[in-house]
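J.:
In my numbering, the protein residues as written are 10 to 288.
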């Protein structure tokens, strides 16, 4: 699919129907949506709380997090800029992470500043700064986010294991399920889904389950569930993501359209089960 400016003029509902048919293989029913993926499309069109624009902005959301649950759950911020050339790399530590505030693709992980290819990083970041994330799949919260760059502290788990983020699905503020991504560092990503008691759920989405290693229940799970409930209490559906690093829970991000509502469940019955949670 070409998502360039040529398609921007197509109304949101029509565009979502076109993309849904191509990606999901069946007709999107916006009058009587039943699956989770269908209902996410309905929410894109009908649940347009202005606060969402703040909450998907990786810089602005920090104020909300500090106010609702406390700034101790925020990964330390090293700087914010409107242009790449404004970044003074001499003032940044040897390790850091650069992110664009308005999309999910602009990410530079620097583990050794002396080896950072600044020219390549600039190309990636500038490309992201030019892109309005809303138009591709009509995720309305991103439409008016101001494109900026932030730097955050590079977080390392003392155990030497890769960082895992725990993504909690909340419905009317109630956590119902979560998933964990593993093996991303070796580009063999696995997704495993769990209920809130950390019992494995028997389905797949986008990536295979991790059959080679047992995923242990994080020590901070109960805290994550409590925090997720606080952060999403006013929303019909929201996914709240957290890290558990060295015994401390950190906030990751809030997402209103998991995979933008275009990702099949295997088996399909789980698409309906998740859909039933959106009232």
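C-beta: ideal position from N, C-alpha, C; glycine also.
(1) Measuring CB atoms only, is the segment 175-193 touching the segment 118-128, in the sense that at least three cross pairs come out at less than 8 Å?
(2) Does the distance from the C-beta atom of residue 7 to that of residue 109 stay below 8 Å?
(3) First and last residue of the beta strand (DSSP E) that includes residue 117?
(4) Residue 161 and residue 84 - do their beta-carbons sit closer together than 8 Å?
(5) Report yes or no: do three or more beta-carbon pairs, one from the segment 145-160 and one from the segment 264-283, lie closer than 8 Å?
(6) What three-state label does DSSP hand residue 150 in the structure shown?
(7) Restricting to runs no shorter than 4 residues, where is the alpha helix (DSSP H) found entirely within the segment 57-114?
(8) Using the C-alpha atoms, what's the distance from residue 169 back to residue 102?
(9) For the candidate residues 273, 72 and 226, whose alpha-carbon lies nearest to that of residue 256?
(10) Given this structure, state the Cα-to-Cα distance separating residue 50 from residue 223, to the nearest angstrom.
(11) Could you round the C-beta distance between residue 253 and residue 229 to whole angstroms and report it? I think they count as a contact, below 8 Å.
(12) Which residue marks the beginning of the beta strand (DSSP E) containing residue 158, and which one marks its end?
(13) Looking only at its own chain, which residues have a Cβ that is under 6 Å from the Cβ of residue 130, when we skip the five neighbours before and after it?
(14) Which of the three DSSP states, helix, strand or coil, is assigned to residue 264?
(15) How long is the line joining the alpha carbons of residue 94 and residue 139, rounded to whole angstroms?
(16) I need the straight-line Cα distance from residue 42 to residue 280, nearest angstrom please.
(17) How many Å lie between residue 260 and residue 248 at the Cα?
(18) Please report the straight-line C-alpha distance between residue 36 and residue 212, rounded to a whole angstrom.
(19) From residue 8 to residue 167, what distance separates their C-alpha atoms?
(20) Just how far apart, CA to CA, sit residue 285 and residue 186?
(21) Thinking just about the alpha-carbon of each residue, which of 217, 258 and 180 is nearest to the one in residue 243?
(22) Since I believe residue 158 is in contact with residue 86 (beta carbons under 8 Å), could you give me their beta-carbon distance rounded to a whole number of angstroms?
T.: Reading off the structure:
(1) no
(2) Outside the displayed span of the chain (10 to 288) sits residue 7, for which this structure offers no information.
(3) Here the question's residue 117 lines up with position 108 in the chain shown. Taken as a continuous stretch (DSSP letters only), the beta strand (DSSP E) holding residue 117 covers 116-119.
(4) Position 75 of the chain shown holds residue 84. Position 152 of the chain shown holds residue 161. A contact, by the Cβ cut-off of 8 Å.
(5) yes
(6) Mapped onto the chain shown, residue 150 falls at position 141. Here residue 150 sits in helix by DSSP.
(7) 60-64 and 70-77
(8) Counted from its first residue, the chain shown places residue 102 at position 93. Counted from its first residue, the chain shown places residue 169 at position 160. Residue 102 and residue 169: Cα-Cα distance of roughly 20 Å.
(9) For the purposes of this step, residue 256 is taken as the residue at position 247 of the chain shown. The candidate whose alpha carbon is nearest that of residue 256 is 226.
(10) Locating residue 50 in the chain shown gives position 41, counting from the first residue. Locating residue 223 in the chain shown gives position 214, counting from the first residue. Cα to Cα, the separation comes out at about 34 Å.
(11) The residue labelled residue 253 in the question sits at position 244 within the chain shown. The residue labelled residue 229 in the question sits at position 220 within the chain shown. Going by Cβ atoms, the distance from residue 253 to residue 229 rounds to 4 Å, so yes, they are a contact pair.
(12) Looking up residue 158 in the chain shown gives position 149. Taken as a continuous stretch (DSSP letters only), the beta strand (DSSP E) holding residue 158 covers 158-162.
(13) Numbered from its first residue, the chain shown carries residue 130 at position 121. Cβ-Cβ distances below 6 Å link residue 130 to 117 in the same chain, with the five nearest sequence neighbours on each side left out; the list follows chain order.
(14) Position 255 of the chain shown holds residue 264. Strand.
(15) To locate residue 94, count along the chain shown from 1; it is residue 85. To locate residue 139, count along the chain shown from 1; it is residue 130. So the alpha carbons of these two residues sit roughly 15 Å apart.
(16) Residue mapping note: residue 42 aligns to position 33 of the chain shown, counting from 1. Residue mapping note: residue 280 aligns to position 271 of the chain shown, counting from 1. Answer to the nearest angstrom: the Cα atoms are 11 Å apart.
(17) Numbered from its first residue, the chain shown carries residue 260 at position 251. Numbered from its first residue, the chain shown carries residue 248 at position 239. Looking at the two C-alpha atoms, the distance is approximately 12 Å.
(18) As a working note, residue 36 is residue 27 in the chain shown. As a working note, residue 212 is residue 203 in the chain shown. Distance between the alpha carbons of residue 36 and residue 212 is about 23 Å.
(19) There is simply no residue 8 to check, as the chain begins at 10 and stops at 288 in what is shown.
(20) To locate residue 285, count along the chain shown from 1; it is residue 276. To locate residue 186, count along the chain shown from 1; it is residue 177. The alpha-carbon atoms of residue 285 and residue 186 are separated by roughly 13 Å.
(21) By one-based count along the chain shown, residue 243 stands at place 234. With distances taken between Cα atoms, residue 243 lies closest to 180.
(22) Along the chain shown, one-based indexing puts residue 86 at 77. Along the chain shown, one-based indexing puts residue 158 at 149. Actually they are not in contact, since the Cβ atoms of residue 86 and residue 158 sit about 12 Å apart, beyond 8 Å.
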